[in-house]
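Engineer:
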Amino acid sequence: MFNLSSDYSSQSMLFKAGKVSCREVVSAYLTQIAEKADLNAFITILEDSALAQAEKVDAKIQAGTAGKLAGMVLAVKDLIVMRGAPTTCGSKILSNYYSPYDAAVIEKLAAEDVVFIGKTNLDEFGMGSSNETSYFGPVRNPHDPQRVPGGSSGGSAAAVAANLCTAALGTDTGGSIRQPAAMCGIVGLKPTYGRVSRFGLVAYASSLDQIGPITRSVADAALLLNVIAGHDPRDSTSVDVPTDDYLSFLDRGVEKIKIGMPKEYFGAGVDQDIVAAIERQIGLLEKGGAEIVQVSLPHTEYAVAAYYLIASAEASSNLARYDGARYGVRHPEAKTLQEMYIKSRSDGFGAEVKRRIMLGTYVLSAGYYDAYYRKAQQVRTLIKRDFERAFQQVDCLLTPVSPTTAFKIGEKTGDPLQMYLSDVFTVSCNLAGLPGLSVPCGRDRNNMPIGVQLLAKPFDEGKLIAVGNYIESNNSFIRISL
Amino acid sequence: MIYEPVIGLEIHIQLKTASKIFCGCSTRFGSLPNTQVCPVCLGLPGSLPVLNRRAVEYAARLALALNCRINPYSVFARKNFFYPDMPKGYQISQYELPFCQNGYFDIYVSGTTRRIGIARIHLEEDAGKSLHAESFVERNETLIDLNRSGMPLCEVVTEPDFRSPQEAVEFLVRLRELVVFLGICDGNMEEGSLRCDANISIRPKGEAAFGVKTELKNMNSFRAVEKALEYEIHRQELVLDGGGQIEQQTLLWDAGRNVASVMRTKEESHDYRYFPDPDLVPLTFSVEQIEEIRRSMPELPDEKRKRFVAHYRLSEYDAMVLTESPELADYFEAAAKSVKDKKAAANWVTGLVMKAIKETGSPPDRLLFTPAHLTELLHLLEERQISSTAAKQIFEVCVATGKMPAVVMNELGLRQVEDTNFIDQAIAQVLADFPAEVDSYVRGNDKVFAYLMGQVMRATAGKAAPQVVAQMLRARLEKIKSGAA
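Line by line, the protein sequences give chains A and B.
3 is the number of the first residue of the first sequence in the working numbering; add one for each residue after it.
-11 is the number of the first residue of the second sequence in the working numbering; add one for each residue after it.
#1: Could you round the C-beta distance between I1 (chain B) and V168 (chain B) to whole angstroms and report it? I think they count as a contact, below 8 Å.
#2: Around the Cβ of S284 (chain B), are there at least 16 other Cβ atoms within 10 angstroms (buried) or fewer (exposed)?
#3: Should L474 (chain B) go down as buried or exposed, given a rule of 16 or more other Cβ atoms within 10 Å for buried?
#4: Within 9 Å (strictly less), CB to CB, does I58 (chain B) reach chain D?
#5: If the criterion is Cβ atoms closer than 9 Å, does the pair A223 (chain A) and G176 (chain A) meet it?
#6: Please report the straight-line C-alpha distance between S181 (chain B) and L3 (chain B), rounded to a whole angstrom.
#7: If you reduce the DSSP assignment to three classes, tell me which class L41 (chain A) lands in.
#8: Keeping to the same chain, check which residues put their C-beta closer than 7 Å to that of Q64 (chain A); ignore five residues upstream and five downstream.
#9: Considering only their Cβ atoms, is the gap separating L457 (chain A) from M502 (chain A) smaller than 9 Å?
#10: The beta strand (DSSP E) that contains F118 (chain A), what's its start and end?
#11: CA-CA distance, H110 (chain B) and C142 (chain B)?
#12: Closest to D242 (chain A) by CA distance: which of A:F4, A:P460 and A:A468 is it?
#13: Count the C-beta pairs between the segment 422 to 435 of chain B and the segment 389 to 404 of chain B that are closer than 8 Å, then say yes if the count reaches three, no if not.
#14: What is the DSSP secondary structure of E68 (chain B), counted as helix, strand or coil?
#15: Could you spell out where the beta strand (DSSP E) holding M207 (chain B) opens and where it closes?
#16: Check the Cβ of E316 (chain A) against every Cβ in chain B and list those closer than 7 Å, keeping chain order.
#17: Could you tell me the boundaries of the alpha helix (DSSP H) in which Y472 (chain A) lies?
#18: Indicate whether at least one CB of chain A lies closer than 9 Å to the CB of F87 (chain B).
#19: Taking 9 Å as the threshold (beta carbon to beta carbon), is P61 (chain B) in contact with chain A?
#20: Decide if the segment 74 to 84 of chain B is in contact with the segment 26 to 38 of chain B; the criterion is three or more beta carbon pairs, one per stretch, under 8 Å apart.
#21: What residues of chain B sit near T363 (chain A), judged by a beta carbon separation below 8 Å?
#22: State the beta-bridge partners of I95 (chain B) as determined by DSSP.
#23: What is the rounded straight-line gap between the Cα of Y103 (chain A) and the Cα of N320 (chain A)?
#24: Using a Cβ-Cβ distance cut-off of 9 Å, determine whether A434 (chain A) contacts chain B.
#25: R252 (chain B) by DSSP, collapsed to three states: which one?
#26: With distance defined between alpha-carbon atoms, name the residue in B:I172, B:G194, B:R223 and B:M251 nearest to N206 (chain B).
#27: Taking the C-alpha atoms as reference points, what is the distance between K201 (chain B) and R108 (chain B)?
#28: Let me know the secondary structure DSSP gives V28 (chain A) once reduced to three states.
#29: Hey, quick one: how far does the beta strand (DSSP E) through T238 (chain B) stretch, first residue to last?
#30: Roughly how many angstroms separate the alpha carbons of L484 (chain A) and E37 (chain A), rounded to a whole number?
#31: Using the beta-carbon count (16 or more within 10 Å), is T100 (chain B) buried or exposed?
#32: What residues in its chain sit with their C-beta under 6 Å from that of F320 (chain B), if we drop five residues either side in the sequence?
#33: Could you give the DSSP three-state label for I312 (chain A): helix, strand or coil?
#34: Tell me the residue span of the beta strand (DSSP E) that contains S440 (chain A).
#35: Can you check the segment 151 to 239 of chain B for any alpha helix (DSSP H) of at least 4 residues that lies completely inside it and give the ranges in chain order?
#36: Can a CB atom of chain B be found closer than 9 Å to the CB of L484 (chain A)?
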């Protein structure tokens, strides 16, 4: 009867028919969370408030006054502020921090009667591609506990894949929604920059960060985007472009849709199982009436360098506020102002965060700004133009999400550069501000999930949902079931 | 060696918008610490700035008044440095593309016009305040008040065009006047609404190259600016005359001890790592928007002075005094509107009215003696209903009570009498009482006329119109004189 591994689109029918109560669902997920505590997907579990919220939602469902997402059991990446729960950002320095206000997305989701079940683990401040930089320890991949879930929204992806909640919110600065979704065999949608309010999203790199859904189906991603998208006057970078009814794109199919495959995304270094899985999609898409062409994004090779310069520069400034003076952890032995800064920050931040703060500080320094930061911004413009040209020819792009499937925990931690290079297919999307969707499309020789990435021009999320849902319905991808 | 100082100023003007520059918190001065704060001006994780358009409009007024070019596209930048009362670890300011550039402002010093170049004007947020020394602060503790964090500031940077402390001070006086007239700042230096830093160097007179400059901070009054600049010029002269070299450094003025101490040297100067703030979109301005602001601009002090001289036929001096504040200028114009003698109106305002403003401490627009009172009083004088002595008496009562002049005149019985019968009787009485003086007049002593005049006025208890009394008394005495001859 009730399947915890089903998506909200099917669960909601059971709620409406009175077959199951929201409280029962929340309890069942709480049991799962306890059973799979080893995954380390959650930093905070909101047991009491989730159950209390569920009862209210049940009453509303009975009264017929429930919101659009009534009873959706949602996990929230711990980089998004929420009253009543700590917002740690996966960092020691904010391990005691409670936000006095809710993020814009939390307000919107609460108004539609979503139940928040917990705050999920992540790479510290979103800085990482494997969820190994968290102060609260690494998250394990539900498909193989020896492997990483991807990052930085690793906790959210693992929670959704392991059926610890219905869906989750992630954030994506350089692939942090799409890459863990691919590695965990689920759906991850990174909306257009400016589509979803960043108000209440703790900034890693402000010009790249975007909140988006991590779900078990494209339909759920569309449902969540319907609620969280839209202009917010509290975020100056949120764009006042009308939103679509994203659900209406689900069954549009791919007929006459022109899909480009950027040749730079299929070169050496991409795992052959991934290439094969994506190539299988070509036949499927053509069968549905889509036209597949090869395109070129010539500046792709500079994307990772530009991304790490820009993201680190912004991070070095965004993280300056964590100084022990007003909130967060202040080092107990600090005797002077200087000592308070140095000790609190040296002790409060992990190695990867410190590496990026130092890199960012360096590239913004007098004498280096032009060679690094300004040059990176110029590259960013070139990458944007690459995409503009490509989207004159095609409706969307089909690419791998990551050169490899989920790797072993500890495998890449000794080589940060290798780790950075694994972001090669996801960072361009952020640099250009595009929407991107990651959909499961197979498994590799180790039975680890493979994802395929779809990119479209700004505010064209509808097209991603149409193509993504087509791929989803034509792949018999086996999820983890109970 | 004779040196010439080269001075440039950086002035921070606190804009008197109702809310802060990037959030909705109040800008009221003097509230309890940390009561006018929100996640944005506290720099809490996840908060984002939203630009206050009113602050931009105010800055645009200043830009136009200082003849600047408003950039159609300007960018907010982050100035990165650590300070406990700066909650984000950076200040949102402008750097590469400021709000406006290339303006000028004319000042008059020792009879000549000096054109001071304005390098740039930009918008930025203020920091909070650290409290160290107050009695309630424990030893070695610092308390932080973030009410000021995010207050809107407009920074004006001049070219190094000043050649004396007096020029710099005159510029500040005129700039203060300007921002008050523009309605964008209250001009209160003690409360920090107007703050000034100076860059100063000296060079041998006639030399074209600049010397090494120092920066002076913490000058909280016009007088402090003048004193600090004089101090620093003198100090630099002594160093150079002694064969030494000026070190590039930042100095802090101590107004209590009249000395400047070193705050930091060049080696200790910050690398602020400015970069465009990704949380804010560039500020854009169309030609139409600029024109709209130009149309909404109030009259500037200089324009007002010129108009007062031309339209009311006032002296330069009177015009200068009357335009000291927009309120005083408005007071004068309201009072002078329907009186014939504009000069008399100006004299009253610059004289007794300003004295009353000073004594009562009420600003012109709050004085109980309003422009309508002055108009009525001037009408009573024009119509000769009261003497100028009576006018002063009436004025004092009006200032204290707010009663209208005509009412006070009637209450005190100060209306001048032009009834010739009444005056005739008084004259007859005086002539009868002072035969010796009359006799003296008849014999040709004209000086005694004033004495007799005074006696007649006294006999009418000051109510008789003096012009009428003089005329009648003269006629009467001449008649006696011709009869005697």
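Glycine included, C-beta positions come from ideal geometry on N, C-alpha and C.
Structural biologist: On the basis of the coordinates in this document:
#1: Here residue 1 (chain B) refers to the residue found at position 13 when the second sequence is read from its first residue. Here residue 168 (chain B) refers to the residue found at position 180 when the second sequence is read from its first residue. I1 (chain B) to V168 (chain B), Cβ: 10 Å. No contact.
#2: The residue you call residue 284 (chain B) lines up with position 296 of the second sequence. Flag for S284 (chain B) reads exposed.
#3: Coverage of chain B is limited to positions -11 through 473, which leaves residue 474 (chain B) absent and any answer about it impossible.
#4: Judged by its chain identifiers, the structure shown contains no chain D, and its protein chains are A and B.
#5: Here residue 223 (chain A) refers to the residue found at position 221 of the first sequence. Here residue 176 (chain A) refers to the residue found at position 174 of the first sequence. The answer is no: Cβ separation not under 9 Å.
#6: Translated into positions along the second sequence, residue 181 (chain B) becomes position 193. Translated into positions along the second sequence, residue 3 (chain B) becomes position 15. In a straight line, the C-alpha of S181 (chain B) is about 8 Å away from that of L3 (chain B).
#7: One-based indexing of the first sequence puts residue 41 (chain A) at position 39. L41 (chain A) falls in the helix class under three-state DSSP.
#8: Locating residue 64 (chain A) in the first sequence gives position 62, counting from the first residue. Correct list: empty, nothing qualifies.
#9: This structure gives no information on residue 502 (chain A), because the portion of chain A shown stretches from 3 to 484.
#10: Here residue 118 (chain A) refers to the residue found at position 116 when the first sequence is read from its first residue. F118 (chain A) -> beta strand (DSSP E) spans V117 to T122.
#11: Sequence index remark: in the second sequence, residue 110 (chain B) carries index 122 (1-based). Sequence index remark: in the second sequence, residue 142 (chain B) carries index 154 (1-based). Answer to the nearest angstrom: the Cα atoms are 6 Å apart.
#12: Against the first sequence, residue 242 (chain A) aligns to sequence position 240. The option with the nearest alpha carbon to D242 (chain A) is A:P460.
#13: no
#14: Residue mapping note: residue 68 (chain B) aligns to position 80 of the second sequence, counting from 1. For the sequence presented, residue 68 (chain B) should be read as Asn rather than Glu. Here N68 (chain B) sits in strand by DSSP.
#15: The residue you call residue 207 (chain B) lines up with position 219 of the second sequence. From DSSP, the beta strand (DSSP E) with M207 (chain B) extends over T202 to M207.
#16: Taking the first sequence and counting its residues from 1, the one referred to as residue 316 (chain A) is at position 314. Those within 7 Å of E316 (chain A) in chain B are P266.
#17: In the first sequence, residue 472 (chain A) corresponds to position 470, counting from 1. Segment E463 to S475, the alpha helix (DSSP H) holding Y472 (chain A).
#18: Locating residue 87 (chain B) in the second sequence gives position 99, counting from the first residue. No, no contact with chain A.
#19: Counting from 1 along the second sequence, the entry for residue 61 (chain B) is found at position 73. Per the sequence shown, the amino acid found at residue 61 (chain B) is Tyr instead of Pro. Not one chain A Cβ lies under 9 Å of Y61 (chain B).
#20: yes
#21: To locate residue 363 (chain A), count along the first sequence from 1; it is residue 361. Chain B residues near T363 (chain A): R261.
#22: Residue 95 (chain B) sits at position 107 when you count from the first residue of the second sequence. DSSP output for I95 (chain B) lists B:R102 as bridge partner(s).
#23: Here residue 103 (chain A) corresponds to residue number 101 of the first sequence, with the count starting at 1. Here residue 320 (chain A) corresponds to residue number 318 of the first sequence, with the count starting at 1. In a straight line, the C-alpha of Y103 (chain A) is about 19 Å away from that of N320 (chain A).
#24: The residue you call residue 434 (chain A) lines up with position 432 of the first sequence. For A434 (chain A), the answer is no, since every Cβ of chain B falls outside 9 Å of its Cβ.
#25: Position 264 of the second sequence holds residue 252 (chain B). Note: R252 (chain B) maps to strand in three-state DSSP.
#26: Counted from its first residue, the second sequence places residue 206 (chain B) at position 218. Minimum Cα distance to N206 (chain B) is reached at B:M251.
#27: Taking the first residue of the second sequence as position 1, residue 201 (chain B) is located at position 213. Taking the first residue of the second sequence as position 1, residue 108 (chain B) is located at position 120. Those two C-alpha atoms are separated by around 19 Å.
#28: On the first sequence, residue 28 (chain A) is found 26 positions in, with the first residue counted as 1. Helix, per DSSP.
#29: As a first step, residue 238 (chain B) must be located in the second sequence, where it is residue number 250. Start and end: Q237 to D242.
#30: Taking the first sequence and counting its residues from 1, the one referred to as residue 484 (chain A) is at position 482. Taking the first sequence and counting its residues from 1, the one referred to as residue 37 (chain A) is at position 35. In this prediction, L484 (chain A) has a pLDDT of 49, which is less than 50 and means its spatial position is unreliable; what the coordinates show is noted afterwards. Spanning the two alpha carbons is a distance of roughly 12 Å.
#31: Position 112 of the second sequence, counted from the start, is the residue given in the question as residue 100 (chain B). Classification of T100 (chain B): exposed, given that the 10 Å Cβ count is below 16.
#32: The residue labelled residue 320 (chain B) in the question sits at position 332 within the second sequence. Closer than 6 Å at the Cβ level, and outside the excluded window around F320 (chain B), lie L310 and V337.
#33: For the purposes of this step, residue 312 (chain A) is taken as the residue at position 310 of the first sequence. Helix, per DSSP.
#34: The residue given as residue 440 (chain A) occupies position 438 in the first sequence. Its beta strand (DSSP E) spans residues G438 to R445.
#35: 153 to 169 and 210 to 229
#36: For the purposes of this step, residue 484 (chain A) is identified with residue 482 of the first sequence, where counting begins at 1. Confidence at L484 (chain A) is low in this model, with a pLDDT of 49, below 50, so its placement is unreliable and the value that follows should be read with caution. So, not an interface residue.
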